[in-house]
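First the structure, in the form of structure tokens, and then the observations on it.
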Amino acid sequence: MMKTAFLYDDVFLEHDTGEGHPERAERLRTMLQRLESGGYLEKLIRVPVREAEERHLELIHSRDYVERVRRGVESGDEYFDSVDNTVCARTYHVALSAVGGCLNMCDEVMSGRATNGFCAVRPPGHHAENRKAGGFCFFNNVAIAARYIQTEHGMARIAIVDWDVHHGNGTQDAFQDDPSVYYISLHQYPYYPGTGAESDIGFGQGMGYTLNIPVKAGSGNSHYLQAFNEMVIPELERFRPEVVLISAGFDAHRDDPLSSINLTGDMYYRFTRMLKGVAERHSQDRLIAFLEGGYNVEVCAEGAEQVIRALLED
Ligand SMILES: [Zn+2]
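Per the numbering used here, the sequence shown runs over residues 171 to 484.
As structure tokens, then:
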């Protein structure tokens, strides 16, 4: 069995988004219950949280922006930058803890203490840009992790595969001119946040290191499997990443209330197995998944279970 690490802490529940908000603490509560009753938790190496330092946030975000988030939360406002991004008094601390926990996870996997891992964090990150929050995201967990692995652990080539139903505009924004981080996204299109056209392939040195796979509303398993087999996996084989990161949202599931893609839960197992194959061939098995969206709490829990089941297998 693989040594699979798991990041979760009750502090992630303290980001209170208010009545009726889809990105709510219940997502993680239900996930934890499911992993516990399925007997998974006892098989996982638990990773502690820590508050990320500002220098880590600044790997991706401007100093101004970090300060603006801190002050925005302290001011007592109900939301930050847009009504989507509701905040409470604890939001800054929780967001820093999510990033710091993800960095601890990177240390765990890069040191070899764990082979791979899953970060069950909130708030999510992939919509957060250099100086802009969006789509329930404040700091870009996966993007900061990628840069941290490069700077702290000396890795050159990192792949980020984003199967959340929304395009990860923040992650693309961070790496679109950079050939060392290959960002690949499958997403419903046209849809929020509006970015992620097929013609966005990066620019400058980074041209060819952004792959957007827009998917029409109503598409499902066969479309995604074909995209993985014909595009995602061959591109990763060519790129030979030293670490594989996943932006794992579970909102492309057919029962998600926000989107119109029709995946079934077992797909998350299959995608993870395929990416694990890439990690086995090129990355010494190093693979880390980061929770992004997923707004049917049962589906989100099932998705996490499917990913973790695949991570644990030999
Ligand atoms: Zn999403």
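Where is the CB? At the ideal position from N, CA and C, for every residue including glycine.
- For ALA290, the closest alpha carbon among the candidates ILE478, PHE460, LEU482 is that of PHE460.
- The count of Cβ pairs closer than 8 Å, one atom from the region 294 to 313 and one from the region 380 to 390, stays below three, leaving the stretches out of contact.
- Burial is judged here by how many other beta carbons sit within 10 angstroms of a residue's own beta carbon; MET437 has at least 16 and is buried.
- Residues of the same chain with a CB within less than 6 Å of the CB of PHE345, apart from the 5 flanking positions on each side, are VAL351, TYR353 in chain order.
- For secondary structure counted as the beta strand (DSSP E) over 3 or more consecutive residues, the region 317 to 349 holds these complete runs in sequence order: 328 to 332.
- For the beta strand (DSSP E) assignment, the region 424 to 451 encloses no uninterrupted run of at least 3 residues.
- ARG283 and ILE478 have their C-alpha atoms spaced approximately 17 Å apart.
- Per DSSP, reduced to three states, the secondary structure at GLU299 is strand.
- Counting the other CB atoms within 10 Å of its CB gives ASN399 a total below 16, which places it among the exposed residues.
- Bounds of any alpha helix (DSSP H) do not take in GLY287; it lies within the beta strand (DSSP E) bounded by 286 to 289.
- Relative to the Cα of PHE409, the nearest Cα in the group VAL467, ASN432, GLY376, ALA418 belongs to GLY376.
- The closest heavy atom of ligand 1 lies less than 8 Å from the beta carbon of GLY419.
- At a cut-off of 8 Å, the beta-carbon of GLU462 counts as near ligand 1: some heavy atom of the ligand is closer than that.
- Taking the Cα of GLN358 as reference, the smallest distance to any Cα among ASN432, ARG292, CYS307 is reached at ASN432.
- Your pair PRO384 and GLU368 checks out as a contact, with CB atoms roughly 6 Å apart and the cut at 8 Å.
- With the rule of 3 Cβ pairs closer than 8 Å, the region 265 to 281 counts as touching the region 311 to 322.
- Taking C-beta atoms under 8 Å as the contact rule, ALA480 and THR442 qualify, at a distance of about 4 Å.
- Set against 8 Å, the gap from the CB of GLY305 to the closest heavy atom of ligand 1 is smaller.
- Annotation for HIS393: the continuous alpha helix (DSSP H) segment containing it runs 391 to 397.
- A contact is defined here as three or more CB-CB pairs under 8 Å, and the region 196 to 214 fails this definition with respect to the region 233 to 249.
- The Cβ atoms of PHE308 and ALA259 do not sit closer than 9 Å to each other.
- Within the region 362 to 417, complete alpha helix (DSSP H) segments of at least 4 residues are found at 391 to 397, 403 to 409, given in chain order.
- For the 9 Å CB-CB criterion, GLY463 and PRO294 form a contact.
- Apart from sequence neighbours up to five positions away, the residues of its chain that approach ASP186 with a beta-carbon distance below 6 Å are CYS258, ordered along the chain.
- Note that the region 411 to 425 touches the region 327 to 336; at least 3 beta-carbon pairs, one per stretch, sit closer than 8 Å.
- Taking 9 Å as the cut-off, the Cβ atoms of ILE458 and CYS276 count as close.
- When DSSP states are grouped into helix, strand and coil, ARG216 belongs to the strand group.
- Secondary structure of GLN358 (DSSP, three-state): strand.
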